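Note sheet for the following structure.
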Amino acid sequence: MSDLDELRDRYHRSVEALITGDPEPQKPLWSRRDDVTLANPYGPPVKGWDRVCEVAARAASRLREGEGLTFDRISAYEAGDLAYEVGIQRFRAKLDGADDLSPVALRVTTVFRREDDGWKIVHRHADTLPEAQAT
């Protein structure tokens with residue numbers, strides 16, 4: 033398994049924790065450089081490690097008891113020190129304090145960069161798919 037494949041695997045496993053409300057396992061996977069960006073369904077895009085951390089924690093706080101995570105990769109590419117992955121993430125979770133699990137389908141693009149200490153996440157964009165389009 034390549035270093036990039038290992039990071040992708042760790043990243044997908046960290047999302048399992050995120051959908052239960054825990055953003056911590058994902059933090060070591062992100063670059064600490066000023067150009068990191070995060071865009072999620074809960075607000076506008078943010079730039080910089082501190083803002084990414086803050087927004088990821090806020091997003092995780094809206095999720096509880098997530099389960100059934102799957103990731104359907106549509107495309108992935110690596111060129112030199114940059115790589116990307118595009119896919120659909122599906123799971124069920126209790127959203128915003130709800131008592132029942134709701135299905136969630138996200139269209140996700142993640143950009144990775146090889147840095148001095150290995151591959152890191154430098155960008156994640158996720159937006160919701162209407163259920164009719166999610167299948």
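So our numbering is basically just the index in the sequence shown, starting at one, shifted up by 32. Every residue gets a Cβ at the ideal spot worked out from N, C-alpha and C, and that includes glycine. Predicted model only: the values in this text are computed from it and were never measured.
**OP:** Counting only runs of 3+ residues fully inside the region 62-102, write out the beta strand (DSSP E) ranges in chain order.
**Re:** 69-71
Subject >> Reduced DSSP secondary structure (H/G/I, E/B, other) of LEU133 >> reply: coil
**OP:** Can you tell me which of the three DSSP states SER46 falls into?
**Re:** helix
Original post:
How many angstroms separate the CA atom of GLU86 from the CA atom of HIS44?
Top reply: 20 Å
Subject >> Between the CA atoms of LEU138 and ALA166 - distance to the nearest angstrom >> reply: Per-residue confidence for ALA166 stands at a pLDDT of 47, beneath the threshold of 50, marking its modelled position as unreliable; the derived number appears in the next sentence. Cα-Cα distance, rounded: 8 Å.
Subject >> Pair within 9 Å by beta-carbon distance, ARG145 and ASP113 >> reply: yes
Subject >> Cutoff 6 Å; reference VAL143; Cβ partners in own chain excluding five residues on either side >> reply: TYR116, VAL154 and HIS155
Original post:
How about TRP81 and ARG64: do their beta carbons lie closer than 9 Å?
Top reply: yes
Original post:
Going by the CB atoms, is the gap between ALA88 and ARG72 shorter than 9 Å?
Top reply: Per the sequence presented here, residue 72 reads as Asn, with Arg not at that position. In contact: ASN72 and ALA88 (Cβ atoms closer than 9 Å).
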